[in-house]
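Residue numbers (the numbering used here): 134 to 494.
This is the structure in structure tokens:
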């Protein structure tokens, strides 16, 4: 419904395809998002004083910070939609390839599945909390007009909606891919460790395992390229929001012009809600990317042991190992930076550095 994934037709891997209705639905949603984003962005940019959430200023640069944050918010969810609609056919092709490989996996005993219900509930709850706090500020405590109240709430709602759905979708599909690659890695490890493997009668089984693992590596790289633009704009917005809201929280606590303790608590609540929601969403995406990359890169370590078993298996493994050694698989935000468990640490290290500079000024 949000056009992050295309509507498709068919219920098996042979008839599964992107239908004409699904293609045009995505294009219409993308066009609506683009037009409304241009309208919202123009209004936010040239009427920034009308979008002040707090009556009292929290710093000399509060207005420009809020404006940039809102514009990044608009650009973030818009690019999520545009990039996913543009890559709709690649989404379908990726899902079709996974379905075809699953036939081979099920024959060999694969029965695992991954559910994202608990994490999805956590991410959705955090997003709903931000929207509720923002509604309280915009509707009850700000001097924003009713029309611009609706615009600002709609912008926040769309950003939180699309970032939540994107994170849950990526978490689900990446963890399911990690389960499949992990199953093949364990099967490959057991195959190499078993006695008599050097006699040559099992070369075909090894060849099939490596071929399937190569296909999963291709699927993983394809998923990275499909979601790269959306991840770049999401992480850009999340990084700026975490930095800005952290600074506003500090400015609120140290401001001498704050009129009451209630206002301090409310401002802190808004900032903390934003930081918490963006941190949870980033953590969900980063951990899934790291898990899949670790499983995919672990194949080369397992396969390297085949050289100690038989010389005839070396030619089978050479191509896979050569590619794995030359280019270690990692998820990136469209090539700008890698996404793994260390990404959150790097982001908060940068935020801390910027906060020290801002506070000193």
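Every residue gets a Cβ at the ideal spot worked out from N, C-alpha and C, and that includes glycine.
Excluding five sequence neighbours on each side, which residues of the same chain lie with their C-beta closer than 7 Å to the C-beta of residue i?
i	result
residue 221	139, 151, 156, 159
residue 202	373, 374, 377
residue 491	380
residue 420	474
residue 431	318
residue 198	377
residue 362	212, 216, 467
residue 426	462, 463, 464, 473
residue 422	307, 464, 472, 473
residue 303	360, 418, 421
To which residues of the same chain is residue i closer than 8 Å at the C-beta, ignoring the five residues directly before and after it?
i	result
residue 379	404, 408, 484, 488
residue 178	200, 204
residue 162	135, 136, 214, 218
residue 395	Here the model assigns residue 395 a pLDDT of 49, short of 50, so the residue's position is not dependable, and the following value carries that caveat. Cβ within range, chain order: n/a, list empty.
residue 424	307, 308, 311
Measure the C-alpha to C-alpha separation of residue i and residue j and round it to an integer number of angstroms.
i	j	result
residue 137	residue 208	15 Å
residue 169	residue 494	37 Å
residue 309	residue 228	12 Å
residue 269	residue 261	12 Å
residue 234	residue 278	55 Å
residue 300	residue 293	11 Å
residue 340	residue 322	14 Å
residue 480	residue 336	46 Å
residue 460	residue 338	26 Å
residue 355	residue 231	12 Å
residue 153	residue 249	30 Å
residue 258	residue 353	29 Å
residue 195	residue 275	15 Å
residue 176	residue 417	33 Å
residue 185	residue 350	48 Å
residue 391	residue 166	At residue 391 the pLDDT is 46, less than 50, meaning the model places this residue with poor confidence; the figure from the coordinates comes in the next sentence. One C-alpha to the other measures close to 38 Å.
residue 141	residue 282	36 Å
residue 110	residue 164	Outside the modelled stretch of the chain, which goes from 134 to 494, sits residue 110, for which no answer is possible.
residue 406	residue 182	23 Å
residue 382	residue 486	16 Å
residue 437	residue 271	59 Å
residue 477	residue 289	23 Å
residue 265	residue 305	27 Å
residue 482	residue 223	35 Å
residue 345	residue 253	30 Å
residue 413	residue 241	36 Å
Is it buried or exposed for residue i, if we count other Cβ within 10 angstroms and need 16 for buried?
i	result
residue 246	exposed
residue 411	buried
residue 415	buried
residue 447	exposed
residue 148	exposed
residue 280	exposed
residue 171	exposed
residue 296	buried
residue 451	exposed
residue 180	exposed
residue 145	exposed
residue 273	exposed
residue 367	buried
residue 239	exposed
residue 320	buried
residue 236	exposed
Taking the continuous alpha helix (DSSP H) assigned at residue i, which residues delimit it?
i	result
residue 237	221-240
residue 493	474-493
residue 286	279-326
residue 347	336-387
residue 144	Careful: residue 144 lies outside any alpha helix (DSSP H) and carries neither H nor E.
residue 168	153-179
residue 126	No answer is possible for residue 126: the residues shown for the chain start at 134 and end at 494.
residue 255	250-269
Shortest alpha-carbon distance to residue i belongs to which of the options?
i	options	result
residue 402	267, 165, 149, 182	267
residue 256	142, 298, 359	298
residue 143	211, 225, 164	225
residue 364	180, 211, 167	211
residue 291	263, 307, 358, 141	263
residue 435	173, 316, 478	316
residue 343	482, 271, 325, 358	325
residue 428	347, 486, 478, 477	347
residue 287	438, 477, 174, 478	174
residue 244	254, 486, 433, 313	313
residue 469	242, 265, 345, 357	357
Can you name, in chain order, every residue of its own chain whose Cβ lies under 6 Å from the Cβ of residue i, other than the five neighbours on each side?
i	result
residue 205	370, 373
residue 471	463, 465
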